[in-house]
Each structure stands twice: as structure tokens, then as C-alpha cells.
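Written below as C-alpha cells is the structure these notes are about.
2 protein chains.
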Amino acid sequence: MDVAPDWPAAQPLPVFEHQQARFAEGLLLDCGQRLDAFALAYRTYGTLNADRSNAILVCHALTGDQYVAETQPVTGKQGWWTALVGPGCTIDTNRFFVVCSNVLGGCMGSTGPRSARPNGEVWGTDFPPLTVRDMVRAQQMLMARLGVARLFAVIGGSMGGMQVLEWAATFPDRVFAAVPIATASYHSAQNIAFNEVSRQAIAADPDFLGGRYWAEGRVPARGLAVARMMAHITYLSEEALTQKFGRKRRREDSKAASFFGDMFEVESYLRHQGSSFVRRFDANSYLTVTRAMDWFDLSAEHDGDLAAAFAGTRTRFCLVSFTSDWLFPTAQSRSVARALNRAAANVSFVEIETDRGHDAFLLDEPDFRRTVAGFLAGCAEHAGIG
Amino acid sequence: MDVAPDWPAAQPLPVFEHQQARFAEGLLLDCGQRLDAFALAYRTYGTLNADRSNAILVCHALTGDQYVAETQPVTGKQGWWTALVGPGCTIDTNRFFVVCSNVLGGCMGSTGPRSARPNGEVWGTDFPPLTVRDMVRAQQMLMARLGVARLFAVIGGSMGGMQVLEWAATFPDRVFAAVPIATASYHSAQNIAFNEVSRQAIAADPDFLGGRYWAEGRVPARGLAVARMMAHITYLSEEALTQKFGRKRRREDSKAASFFGDMFEVESYLRHQGSSFVRRFDANSYLTVTRAMDWFDLSAEHDGDLAAAFAGTRTRFCLVSFTSDWLFPTAQSRSVARALNRAAANVSFVEIETDRGHDAFLLDEPDFRRTVAGFLAGCAEHAGIG
């Protein structure tokens, strides 16, 4: 019985030079600590128009990054939202100036646990705890740096959708349109529970070394792979897994092939997901960012009243959920829509029929594309963008 | 940020003397290996009547055991099905002779990876791969030993339900009534995926030592705890987690209490589940038994035709599922019901409305109790049991 796959050998993540904005002024975090000089790595697509009115901020999810619509330099794979973003695409880079930055706390060039602190040592687990609002405040500083006082739109799925909601709540006058996709106004007990198992899997890896693995040139590869494997199941739906893999076996070697020896294809697939993730993601970032998701609760920031988070908003909202998404089920988007209605906001809400689970927001789902494209077109008309 | 709970120190599981039946004749397993002399640990409740017609076999789930309706000796907690089994209860031990045995491959006294092989060494990962049918064949030998040629009923949930279905398919003339609860005729891709993550968490623990932890007096406590934490989420429902924990924090110490320091209660709960599990369960058993579940596919044993598994059956079936069970959803029970109908079997199927998830089968759900009690009463009348 094979229970010992070849996880990648423990080795530091590759380091790339990323396009970065540095902020010497630092940032006072929600935890009360001040983060001194920090950097955000980002990518832009398209051109900012003369009146600086056509900027769209794309917010990435937990393990996403700024490489939205181009090759990701570590994996060599195409960007995570090429299904939606590009010239002539749903989010048309011929028309809009699209920006995406790696979140604060991330590991693709933005300041995070993997970065050096002022004394030259790697932050590791000493990196201060972050909130989604901290991430959004940093993004706002980036937009100001890029000369964008007001965003035409903020758009993102999953944790990206949390950022969209936080943008609309924290900077209501700086967001013309908001598209929170497959998300929620707070992280549910079930999602906190899954994140906690991820964290425990990482902490249980002997190469984690209490978070100080960098100092020893080690990486908690096995724990991080287990965390990713589990998370990956939650991104799919039972139907998607059944259709894609069912109970099919993978015959590695015809001589060794046997009922008891062959792995199920779904196992092989998950192992691959785990091992490729380890090559591109930092374990301490995973801890920091999952914690930020767990702490996210927009109504708690407004005395328990979600509608109060959006009081007086003039932002136009388009909420999107997916029928087979059980990580951020439709009911959670619906409760955001209700709060926006109570706040008399301009809101539309579309539930897309799909069997592809939470990951549907990353995929080429025609109804989803049409929904986003239609909303952006309508908003562009109202905003007077040619 | 607390990411390092106190898992139990690595130490061998406590060993208890269990009521055992020993089978010197051994058992030829589905994998082709013969298991020489083996033992099943079991418990009985109530009295076998004069014509030996009132025996009910209760089949336990993945991490259950034979202590159905009495204190479990390792944990000191009450048996896992005290909600249903006992004098005057749904499964009335004043009326029925109730038997439950620890499954072959288990770790509560039946022969499994934790047992010594003929040469005196612990089996560990050399224990042969098992199927659910192997478990059932061993149970049938136990029933013969106890003088029961024909069971009045076989009843069980989850993996216990798989055993019930296998009993009805393999020994149709030895089962008067069958109650498969919250189960399926095959393990789904999603369930295989979750099991695989559990196995990887165990294998990633440095104390696993390739399965030979016994030899070094160690236990892969962290990996096993992570596996249990994840599995535990799948046993509950989102609603149950929300109602029980929501986003409540646990304040360990008022001085240290802070937004960023306090654990969510659901995290604390899961850690407790993980650490208490490690004290009572053997990691190699977990691998063996989860594998048996993954391989379970009753229709594959009958050329892909589930109805053929039950051709000509005279057993009376009562299938039960729970609305909020997403591990073994209602659709899977329904497909078994359809196959039984195609086989012209006597079958009833009840979906119980509950928000308690898969674990509902272990809990005091009045509709569930009434369903089982009513079915057993009707069958007892047909069987002529006074």
C-alpha cells in the first residue's frame, strides 16, 4: 500500500524579481503594530486613460498572486484569471487599466512573513497578524501611487471577494462598482475549521521548526502539501470530482497493477496538487493569510450590523455565487445582498448554475462571464467611460 | 499566533483485555492472502432466545468499536450508540440479542495491524489489505461461533452501513432484515479524496517511520490528530458547526485575551477531537480501514450491476439517510433503494430531516429512532419473534 509519495525535497522557494512599489511611510495595522517600510508586488494590464477613470483592481484569492493574465514565473503556467482578463476579454484590457497586487502577507514579492525585517532577518512567524482591511489599506496606497484616486471597479473571488467588500466598506467614495464573487461577509465556522486543519498540518511538519524553517534552509513541504490537498477538495464539488475521476484507477506499471496496488486517480491528482503547491507557496504566508480570512467579519467591524458597513454607499454592486460552491455557498452571498438592500444600495445578485464548485470563479463559465461583462458595460456607461 | 497545541506525547496505545473469539481456521482474504489464526473482539447485550432467532448484529463505523452500549474502557465515555441500544431502547436488549464486533483490521482487540503476527512481531503496514467483504466474512464466522445461523437484523451507519449491504449481498439467506444507515454502495471520489488526505497526514508524521513506529515505541500522534480533525469536519454540517460554534472565541486567560490571540471555539474543539482520538486509535488501522472503505464498490463485485448484488433477496431493507449529511448524501442511499427495487426487494427508504450532518446517525434523533423502531417491530412480527 503506497502511502509515501515523493514530496519535493525541502528547499527554499525560488526568488524572482517582481515589479514592486515600496512604501517608506509604512502602515499602522489593525493589530496595533506599525509595519515599517513595506512593498507590494503588482502587475498592470492596459492603459490608464486621461481622466484616470478606467482602473479596475483585481483582488486575488488565498493562494493567488498578481500574475492575472500572463505566465506565472515560478510555475510557468498561465495566469489564474486568463479566462476573464485580457484584450477583448470579459475584463477587457483594451478598455480598462487592470491592476492586481500580491496581498500584504503574501509570498510573491509583497511584504510578508517571507520578507526580511529591518534587522535583515526573515520575519517568519514574527510577522504581525494581518486583517483583510490591512490588505485593502495597502492596496489603496498602491492605487494612490499609481495615480488612481477612484477605482472604476474592484473585483475578486473568494478571499478576493472579501477584499472587494472591505474596499466598498472602507473606501466607499473610491469605488464606483464592486463585484464580490463566491464570497461572504464573514468566514464561517466550517471554513475556519478547514483552515485550522491546514495550519495544524503545517505546524506538525518537523521541518516547520516553529516557523523558523528559513534559518535552517528547510521547508515544511509535507505539511504544506497535506494542507493544500485538503483545501483543494473544498474548492471542487462532489459532482466535479465524480465526473473528473469517479473511481478510476491509475495503472503506474502493468506488472505491478493490481486491485490493491493501483491508486485512485483522484489520489494521484491531489498528490500532484500538493507537491506543485509547495514549490510556489510559503508556509508562514499560508498561516498569516488563512488567519486574516478567519478573522474577516465585516458586520463585526460595524457593531454587528452588516447594512451599516454600507450605509449611504453609492457603489454599484454585482454579487455572484455558484450553485455547487459549498465553501462559500449562495446563502452567504444572499445575506450580503440583503444587507446591501437594507442599505438602499444599487445591487444585483446572480447565482450561476454550475457543477464545478467554488473553483468555478476561476474557470471559463459562459454565464458567469456574461454576467460580469454585462455589469461592467452598464457601469461603464453610467461612469461615462468611452 | 498559536499554532502548536500540545498533542499527546508519543506513547503506545493502552492495551486492554477484550472479550475475544479466536479462529484457528484463519480466513482467505479477497487480496488472495490467507490470514492465519485471527481474533475478533466483541460485546453482546441481551439474551439469545431458544430458537436463536432474535440476534441483531450492529456494525460499527470507521473509528467505532464493539462498545456499543456501555462504557468504552479506553476513553471512559459511554458507548457510541447508547442513543439507540439498551433495555427498552429502539434496539431493545430486553428483546433482542445484540452483538457488535470490532472489525477485522481494527485496533480494539480484533486482529489488525496492531496485532502480533505468527513470528511475534507487530504486523504494522505488513498487515494484508482488507475489504469490507473480508470484515463481513469474519463477522459471519463469529455469528456461527455464537450459534446464530441466521441474523434477525444487521444494522449500522456509514462504514457500518457498507457492512450491512455487504452482508445482504454475500449472505442473503442469513439476514432477515437489513438497516443500512447514512451509507452508499461505493465510496465516492470526494470521500476517497478526504481519506487520502488523512493517510498523507499520517504518513507525513516523522514518528510514522514508514509504519514501523511500534518498533521504536512511537506513535504518529500529530499526523493522526490532523487526519481526525479533518475527518471530523466532514461528519458535521455547516449548520451544525455554525449553531454550535459560529465565530465564538475562546478566552483562555483574560490577561492574554485579544482579538488576535484568542482561538475560535471551533479550533479548540477540533484540537480536542484530534488529541483524544490519538489516545485510542492506531494509525496503521486507520490506513487499513480507510483503504477498505475506498475499495468498497458493491456493484463492481457484480459486474457493475448493483441490482444483481441483491438478485432474489428475501431480506427486508430499511434505508435511512439524513438531509444535511454531505459525506454520504441522500442521493447515494436513493441509488441503493433504486437497485433494490430493480431486484424486487422489500425496501423502505426514509430521509430524516436534520441539520446535524453525517453524525446524526450516532445521535438522539427522534424521527430516526422511530423509523428504526417501527421497522424492527414490523419485521419482528413477520419473523414471529415474541
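Heads up: the sequence lines are chains L and V, in that order. Be aware that the first sequence starts at 1, since it is given in my numbering, and climbs by one per residue. Be aware that the second sequence starts at 387, since it is given in my numbering, and climbs by one per residue. Glycine included, C-beta positions come from ideal geometry on N, C-alpha and C. All figures in this text were calculated on a predicted structure; none of them were measured in a lab.
DSSP beta-bridge partners of residue i
{"i": "residue 297 (chain L)", "result": "L:186"}
{"i": "residue 366 (chain L)", "result": "In DSSP, residue 366 (chain L) forms no bridge with anything."}
{"i": "residue 483 (chain V)", "result": "V:441"}
{"i": "residue 157 (chain L)", "result": "L:181"}
{"i": "residue 351 (chain L)", "result": "L:321"}
{"i": "residue 85 (chain L)", "result": "L:91"}
{"i": "residue 116 (chain L)", "result": "L:122"}
{"i": "residue 732 (chain V)", "result": "V:702"}
{"i": "residue 263 (chain L)", "result": "L:250"}
{"i": "residue 561 (chain V)", "result": "V:537"}
{"i": "residue 413 (chain V)", "result": "V:421"}
Neighbouring residues, chain L, relative to residue i (Cβ below 8 Å)
{"i": "residue 592 (chain V)", "result": "206"}
{"i": "residue 442 (chain V)", "result": "Simply none; closest approach about 31 Å."}
{"i": "residue 619 (chain V)", "result": "190, 193, 194 and 197"}
{"i": "residue 653 (chain V)", "result": "192, 193 and 196"}
{"i": "residue 624 (chain V)", "result": "188, 189, 190, 326 and 329"}
Chain-ordered chain L contacts of residue i [CB-CB under 7 Å]
{"i": "residue 628 (chain V)", "result": "188 and 189"}
{"i": "residue 608 (chain V)", "result": "204"}
{"i": "residue 683 (chain V)", "result": "247"}
Neighbour list for residue i in chain V, Cβ cutoff strictly below 8 Å
{"i": "residue 264 (chain L)", "result": "575, 578, 582 and 680"}
{"i": "residue 226 (chain L)", "result": "583, 586, 587, 590 and 612"}
Limits of the alpha helix (DSSP H) - the one that residue i falls within
{"i": "residue 233 (chain L)", "result": "221-235"}
{"i": "residue 281 (chain L)", "result": "Here residue 281 (chain L) belongs to no alpha helix (DSSP H), and DSSP marks it neither H nor E."}
{"i": "residue 340 (chain L)", "result": "330-342"}
{"i": "residue 629 (chain V)", "result": "624-630"}
{"i": "residue 309 (chain L)", "result": "306-309"}
Range of the contiguous beta strand (DSSP E) that encloses residue i
{"i": "residue 406 (chain V)", "result": "406-409"}
{"i": "residue 429 (chain V)", "result": "424-431"}
{"i": "residue 110 (chain L)", "result": "Residue 110 (chain L) -> no beta strand (DSSP E), and no H or E assigned at all."}
{"i": "residue 528 (chain V)", "result": "Note, residue 528 (chain V): premise wrong, no beta strand (DSSP E); alpha helix (DSSP H) at 518-531."}
Nearest-angstrom beta carbon gap, residue j and residue i [assumed within contact, 8 Å]
{"i": "residue 93 (chain L)", "j": "residue 69 (chain L)", "result": "7 Å"}
{"i": "residue 445 (chain V)", "j": "residue 549 (chain V)", "result": "4 Å"}
{"i": "residue 495 (chain V)", "j": "residue 564 (chain V)", "result": "Not really, about 26 Å apart at Cβ, beyond 8 Å."}
{"i": "residue 158 (chain L)", "j": "residue 61 (chain L)", "result": "4 Å"}
{"i": "residue 250 (chain L)", "j": "residue 263 (chain L)", "result": "5 Å"}
{"i": "residue 489 (chain V)", "j": "residue 431 (chain V)", "result": "The pair is not a contact, with the Cβ atoms about 18 Å apart (cut-off 8 Å)."}
{"i": "residue 735 (chain V)", "j": "residue 756 (chain V)", "result": "In fact, because the Cβ distance is near 15 Å, the residues do not count as touching under 8 Å."}
{"i": "residue 674 (chain V)", "j": "residue 513 (chain V)", "result": "6 Å"}
{"i": "residue 465 (chain L)", "j": "residue 383 (chain L)", "result": "The shown model of chain L, from 1 to 386, leaves out residue 465 (chain L), and the question about it has no answer."}
{"i": "residue 429 (chain V)", "j": "residue 452 (chain V)", "result": "4 Å"}
{"i": "residue 568 (chain V)", "j": "residue 547 (chain V)", "result": "6 Å"}
Cross-chain neighbours of residue i in chain L, by beta carbon under 9 Å
{"i": "residue 656 (chain V)", "result": "193, 196, 197 and 200"}
Within chain V, partners of residue i - CB distance below 9 Å
{"i": "residue 303 (chain L)", "result": "Within 9 Å Cβ-Cβ: nothing; residue 303 (chain L) doesn't reach chain V, min ~15 Å."}
7 Å Cβ cut-off: residues of chain V touching residue i
{"i": "residue 230 (chain L)", "result": "583 and 616"}
* **Touching by the beta-carbon criterion (3+ pairs, under 8 Å), the region 516-531 of chain V and the region 680-687 of chain V** => yes
* Using 8 Å as the Cβ pair cut-off and three pairs as the minimum, do the region 661-674 of chain V and the region 556-569 of chain V touch? -> no
* To do: Report yes or no: do three or more beta-carbon pairs, one from the region 625-633 of chain V and one from the region 572-580 of chain V, lie closer than 8 Å?
  => no
* To do: Would you check if the region 723-731 of chain V and the region 581-598 of chain V touch, i.e. whether three or more CB-CB distances between them fall below 8 Å?
  => no
* To do: Could you tell me whether the region 468-486 of chain V touches the region 754-769 of chain V, using the rule of 3 or more Cβ pairs below 8 Å?
  => yes
* Asked: Is there contact between the region 269-278 of chain L and the region 225-235 of chain L, where contact requires at least three CB pairs shorter than 8 Å?
  -> yes
* To do: State whether the region 114-125 of chain L contacts the region 149-159 of chain L, with contact taken as three or more CB pairs (one from each stretch) at a distance under 8 Å.
  => no
* At a cut of 8 Å, does the region 357-366 of chain L reach the region 319-335 of chain L through at least three beta carbon pairs? -> yes
* Examine the Cβ distances between the region 451-471 of chain V and the region 413-423 of chain V and report whether three or more of them are shorter than 8 Å. => no
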